[in-house]
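Enquirer: In this text, residue positions in the sequence shown follow our numbering: the first is 506, and each later residue adds one. The beta carbon of each residue, even a glycine, is placed where N, CA and C say it ideally should be. Next up is a structure, given as structure tokens.
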Amino acid sequence: RWREKPTAENLPSRSARAVIRRDRTTVVAVVALATAKLSSSQVIEGAQAAISNAEIFKTIEIVSSNPEMQAALTLRGMTDFSALFCAPRTVGNFGTRQEREKRLVKADCFDLRENPDNVFATPIEGLFATVDLDAGEVIEVTDLGVVPIPQGSHSLSPEAQPALRSRTRSPATTREFAIEGSVVSWENWQFHVGWSTHDGLILSDVRYKENNKWRSVLYEGHLSELYVPYMDPTEGWYFRNYFDQGDYGIGTTVSPLVKGSDCPEGAAYLSPLTTGPSGKPQALVDAICVFERNLGEPTWRHFDIVSESLTSRPDRDLVVRFISTIGNYDYLFDWILDAKGRITFRGGATGLDAVKAVRSNTISDATAATDTEYGPLIAPGRAGINHDHFFSLRLDMDIDGTANRFVKDEFYVEEQPSTSKRRSIWRVREKVLTSEKQARLNINLAKPSIWRVQNEAVRNAVGYPVSYVLKPGHNAMPLVDPADSPLARAGFVNHHLWVTRRSPEERWAAGEFPNQSEAGQGLPAWSAQGRDIENQDIVLWYTMGFHHVPSSEDWPVYNTGWHSVTLAPYNFFDSNPAIDLPD
506 RWREKPTAEN LPSRSARAVI RRDRTTVVAV VALATAKLSS SQVIEGAQAA ISNAEIFKTI
566 EIVSSNPEMQ AALTLRGMTD FSALFCAPRT VGNFGTRQER EKRLVKADCF DLRENPDNVF
626 ATPIEGLFAT VDLDAGEVIE VTDLGVVPIP QGSHSLSPEA QPALRSRTRS PATTREFAIE
686 GSVVSWENWQ FHVGWSTHDG LILSDVRYKE NNKWRSVLYE GHLSELYVPY MDPTEGWYFR
746 NYFDQGDYGI GTTVSPLVKG SDCPEGAAYL SPLTTGPSGK PQALVDAICV FERNLGEPTW
806 RHFDIVSESL TSRPDRDLVV RFISTIGNYD YLFDWILDAK GRITFRGGAT GLDAVKAVRS
866 NTISDATAAT DTEYGPLIAP GRAGINHDHF FSLRLDMDID GTANRFVKDE FYVEEQPSTS
926 KRRSIWRVRE KVLTSEKQAR LNINLAKPSI WRVQNEAVRN AVGYPVSYVL KPGHNAMPLV
986 DPADSPLARA GFVNHHLWVT RRSPEERWAA GEFPNQSEAG QGLPAWSAQG RDIENQDIVL
1046 WYTMGFHHVP SSEDWPVYNT GWHSVTLAPY NFFDSNPAID LPD
């Protein structure tokens, strides 16, 4: 980590941590960088490390060359195996002996003959191979019966589209920020941009400058898990419940950025250094973009009705973005800082819906009712399966230092006496949550509350303890049985917010190795300790989710849908921090 909090253990030297998969065993090793010697090595019993890119390409070759798979594909009219793509999918854990003893993926295939530039557009349904990655072989082929391969071109290239609309070039962004190495400065903000194969972009040491003094807000922020469960219980789909970050790695699936589209004109780019499957370093060229944008609206404004004086300040912010492509979905991840002292995280989803090949081409066809049991028909021969997306965010807070506490401001209704002309009003009472077990919270519109991280030892000008409030955006809860195997392994989604006492080993909401994991790992296990969180170094874990019911507009590509959460100052400043903006 770039700037580790100083302790007796980490002060003398820096170290690197490696996850190694060898001889059917997962090993975690720590190497002292100063001496290039092994500090420790531990076998993690029963753990399956994330699927590496090398294993993904190895699986594609193994499955496409398997004679039993080729015979089944021939029955479906697919004989050009060079025009075949087979997608390795993690299998989850449903209590089978194979899941306990082997490192598995299940691979289904796609026909590239009509859509060579859109590999997920033409699924070959009802046929998949189970592969033992450690052995490097297909151990089972499952053929559920022939479903016709959907027809039609669904290319995304401009040449394949009808007449394109005209549009003027977007204006260039301003460049009023500075980047020195990995440190970004903009207006009163300064922060460090880091990278890891597991998490992708990590924002560290986020500070705000006030009266020539730097004030800490966020020590570290990064994505903690991305969970995507599908709602089709049939044999070819029931296991499709992906921990996209823990199973595959957000930093290893990073996608190139298209200048002028993925990021606006005038953006600056960073090329983080990462490691490949062999541990060798590699630069991810221009994988992160940084840009300032004018939002076309006021930060604040006021028209005085007496003097008729009008004051308005234009709003703009700074965005740090990267994109990861995990299978059919492209995920955009934004960290946004603004002149109001706020930090916003946005997760966006685009790319392709996962489609199931079906017999019907319209909802009037005889098979349409059966074909659309688990998701609507979104294109001829293709049903979009209903599913969820849950983003888990880890926020290591440092509000003017590490000694913080968590406050829940509860709204309540108070009946008024008969002497008042009002029957009732609402009021707010402050409640300090003192243990991790107390701090498992869900959004409740019927009983609203404000969630804050507070430093009791630092006060603003009128005497309130300084704090930052977490402001949720749109959200959802899981709808399926909590005892269902996929959800039991993703226990973090059962609460929108968890608060834990900081531990360097606790970084990922579903645990470090969710691939084929047992239930109950990660946040449920950590918070069950009930550690004290009052005036401690605390971490917020926020989960935002949405239920996705596909529609025809989602095909052949899904328009980017955004979901966000904001950290906003609450008595952190003595007055509005944006009052000094120039007009």
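(1) In three-state terms, what does DSSP make of GLN695?
(2) So, does the stretch 715–725 touch the stretch 860–872, judging by three or more C-beta pairs under 8 Å?
(3) How big is the Cα-Cα spacing for TRP507 and LEU708?
(4) Buried or exposed, going by whether 16 or more other CB atoms sit within 10 Å of the CB of ALA792?
(5) Can you check DSSP and say which residues form a bridge with LYS913?
(6) How is the beta strand (DSSP E) around PHE1090 delimited, first residue to last?
(7) Where THR595 and ASP704 are concerned, what is the direct C-alpha to C-alpha distance, given to the nearest angstrom?
(8) Using DSSP with H/G/I as helix, E/B as strand and the rest coil, what is ARG999?
(9) Spatial neighbours of LEU516 within its chain, please: C-beta separation below 8 Å, excluding the five flanking residues on both sides.
(10) Starting from the C-beta of ARG930, find all residues in its chain whose C-beta is less than 8 Å away, skip the five residues before and the five after it, and write them out in chain order.
(11) Would you give the residue range spanned by the alpha helix (DSSP H) that ARG1090 belongs to?
(12) Rounded C-beta distance between LYS845 and ALA1083? I'm assuming under 8 Å.
(13) Between which two residues does the alpha helix (DSSP H) containing ILE565 stretch?
(14) For PRO1087, count neighbouring Cβ atoms within 10 angstroms of its own Cβ and tell me buried if that reaches 16, exposed if not.
(15) With DSSP as the reference, label LEU669 as helix, strand or coil.
(16) Within the same chain, show all residues whose beta-carbon is closer than 8 Å to that of THR1099, passing over the 5 residues directly before and after it, in chain order.
(17) List the endpoints of the continuous beta strand (DSSP E) containing TRP1067.
(18) Using C-beta distances below 6 Å, list every residue in its chain close to THR816, excluding the 5 sequence neighbours before and after it, in chain order.
(19) Cutting at 6 Å between CB atoms, please list the residues of its own chain near THR647, excluding the five before and the five after it.
(20) Return yes when the Cβ of PHE1018 is within less than 8 Å of the Cβ of THR531, no when it is not.
(21) Which term fits SER557, buried or exposed, when burial requires 16 or more other beta carbons within 10 angstroms of its beta carbon?
(22) Determine the burial state of GLY886: buried for a count of at least 16 other Cβ atoms within 10 Å of its Cβ, exposed for fewer.
(23) Contact defined as beta carbons within less than 8 Å: I believe ARG1036 pairs with ARG1006. What is the distance between those atoms, to the nearest angstrom?
(24) Inspect the CB distances between the stretch 728–743 and the stretch 881–898 and report whether three or more fall short of 8 Å.
(25) For VAL1004 versus GLU935, is the C-beta spacing smaller than 8 Å?
(26) When the distance is taken between beta carbons, is HIS1001 closer than 8 Å to THR1048?
(27) Could you tell me which residues DSSP puts in a beta bridge with GLY889?
(28) Which residues in the same chain have their Cβ closer than 7 Å to the Cβ of ILE525, if we skip the five residues on either side of it in sequence?
(29) Just list the beta strand (DSSP E) runs in the stretch 718–803, keeping only unbroken ones of 3 residues or longer that don't cross its boundaries, in chain order.
(30) Let me make sure I understand the geometry here. Which of ARG927, TRP1031, GLU1039 and ASN746 has the alpha-carbon closest to that of PRO1009?
(31) Determine the direct distance from the alpha carbon of ILE654 to that of GLY880, and round the result to whole angstroms.
(32) Using C-beta distances below 8 Å, list every residue in its chain close to ASP989, excluding the 5 sequence neighbours before and after it, in chain order.
(33) For TYR1075, is the classification buried or exposed, using 16 other Cβ atoms within 10 angstroms of its Cβ as the cut-off for buried?
(34) Got a sec? Which residues, its chain only, sit under 7 Å from ALA555 by beta carbon, not counting five neighbours each side?
(35) Would ILE883 pass as a contact of PRO1055 if the rule is Cβ separation under 8 Å?
(36) Between the beta-carbon of SER760 and the beta-carbon of ASP835, is there less than 8 Å?
Expert: Taking the coordinates as given:
(1) Reading the sequence shown from its first residue, position 190 is the one you call residue 695. GLN695: strand per DSSP, three-state reduction.
(2) no
(3) Here residue 507 refers to the residue found at position 2 when the sequence shown is read from its first residue. Here residue 708 refers to the residue found at position 203 when the sequence shown is read from its first residue. Unreliable placement is indicated for TRP507, whose pLDDT of 45 sits below 50; no coordinate value is reported for it.
(4) For this step, residue 792 is matched to residue 287 along the sequence shown. So ALA792 counts as buried.
(5) Position 408 of the sequence shown, counted from the first residue, corresponds to residue 913. The partner list for LYS913 (beta bridge, DSSP) reads LYS936 and TRP956.
(6) An answer regarding residue 1090 cannot be provided, because it is not within the stretch 506 to 1088 covered by the chain.
(7) Indexing the sequence shown from 1 puts residue 595 at position 90. Indexing the sequence shown from 1 puts residue 704 at position 199. Rounded to whole angstroms, THR595 to ASP704 spans 18 Å at the Cα level.
(8) Position 494 of the sequence shown, counted from the start, is the residue given in the question as residue 999. The amino acid at residue 999 is misidentified as Arg; the sequence shows Asn. For ASN999, the three-state secondary structure derived from DSSP is helix.
(9) Here the question's residue 516 lines up with position 11 in the sequence shown. Because LEU516 carries a pLDDT of 48, less than 50, the predicted location of this residue cannot be relied on, and no value is offered for it.
(10) One-based indexing of the sequence shown puts residue 930 at position 425. The question names Arg, but residue 930 is Ile in the sequence shown. Taken in chain order, the residues that qualify are VAL918, GLU919 and GLN921.
(11) Limits of the chain in this structure are 506 at one end and 1088 at the other, which puts residue 1090 out of reach.
(12) For the purposes of this step, residue 845 is taken as the residue at position 340 of the sequence shown. For the purposes of this step, residue 1083 is taken as the residue at position 578 of the sequence shown. Right, the Cβ-Cβ distance comes to about 5 Å (below 8 Å), so this counts as a contact.
(13) Taking the first residue of the sequence shown as position 1, residue 565 is located at position 60. Run containing ILE565: 558–569, per the alpha helix (DSSP H) assignment.
(14) Sequence index remark: in the sequence shown, residue 1087 carries index 582 (1-based). It counts as exposed.
(15) Residue 669 sits at position 164 when you count from the first residue of the sequence shown. It is coil, neither helix nor strand.
(16) Given a span of 506 to 1088 for the chain in the structure shown, any question on residue 1099 remains unanswerable.
(17) Here residue 1067 refers to the residue found at position 562 when the sequence shown is read from its first residue. Start and end: 1063–1075.
(18) Reading the sequence shown from its first residue, position 311 is the one you call residue 816. Cβ neighbours of THR816 within its own chain (closer than 6 Å, five residues either side excluded): HIS807.
(19) If you number the sequence shown from 1, residue 647 lands on position 142. Within the same chain, THR647 has close Cβ partners PHE633.
(20) Sequence index remark: in the sequence shown, residue 531 carries index 26 (1-based). Sequence index remark: in the sequence shown, residue 1018 carries index 513 (1-based). Between THR531 and PHE1018, the gap from beta carbon to beta carbon is short of 8 Å.
(21) Position 52 of the sequence shown, counted from the first residue, corresponds to residue 557. Under this definition SER557 is a buried residue.
(22) For the purposes of this step, residue 886 is taken as residue 381 along the sequence shown, with counting starting at 1. By the neighbour-count rule (16 or more Cβ atoms within 10 Å), GLY886 is buried.
(23) Here the question's residue 1036 lines up with position 531 in the sequence shown. Here the question's residue 1006 lines up with position 501 in the sequence shown. So it is a contact: roughly 4 Å between Cβ atoms.
(24) yes
(25) Taking the sequence shown and counting its residues from 1, one reaches residue 1004 at position 499. Taking the sequence shown and counting its residues from 1, one reaches residue 935 at position 430. Not closer than 8 Å, so no.
(26) Taking the first residue of the sequence shown as position 1, residue 1048 is located at position 543. Taking the first residue of the sequence shown as position 1, residue 1001 is located at position 496. Their beta carbons are under 8 Å apart, which means THR1048 touches HIS1001 by this criterion.
(27) Within the sequence shown, the letter at position 384 stands for residue 889. Per DSSP, VAL860.
(28) Against the sequence shown, residue 525 aligns to sequence position 20. Contacts found: VAL532 and ALA534.
(29) 718–734, 746–748, 773–775, 778–780 and 786–788
(30) Taking the first residue of the sequence shown as 1, we reach residue 1009 at position 504. Taking only the C-alpha atoms, the option nearest PRO1009 is TRP1031.
(31) As a working note, residue 880 is residue 375 in the sequence shown. As a working note, residue 654 is residue 149 in the sequence shown. Near 18 Å, if we compare the C-alpha coordinates of ILE654 and GLY880.
(32) The residue labelled residue 989 in the question sits at position 484 within the sequence shown. No residues qualify anywhere along the chain.
(33) In the sequence shown, residue 1075 corresponds to position 570, counting from 1. Buried: at least 16 other Cβ atoms inside 10 Å.
(34) As a position in the sequence shown, residue 555 is number 50, starting the count at 1. Once the five neighbours on either side are set aside, the close Cβ partners of ALA555 are GLY751, ASP752, TYR753, GLY754 and ASN1020.
(35) Mapped onto the sequence shown, residue 883 falls at position 378. Mapped onto the sequence shown, residue 1055 falls at position 550. Taking the C-beta atoms as reference points, PRO1055 is found nearer than 8 Å to ILE883.
(36) On the sequence shown, position 255 is the one that residue 760 refers to. On the sequence shown, position 330 is the one that residue 835 refers to. Going by C-beta atoms, SER760 is nearer than 8 Å to ASP835.
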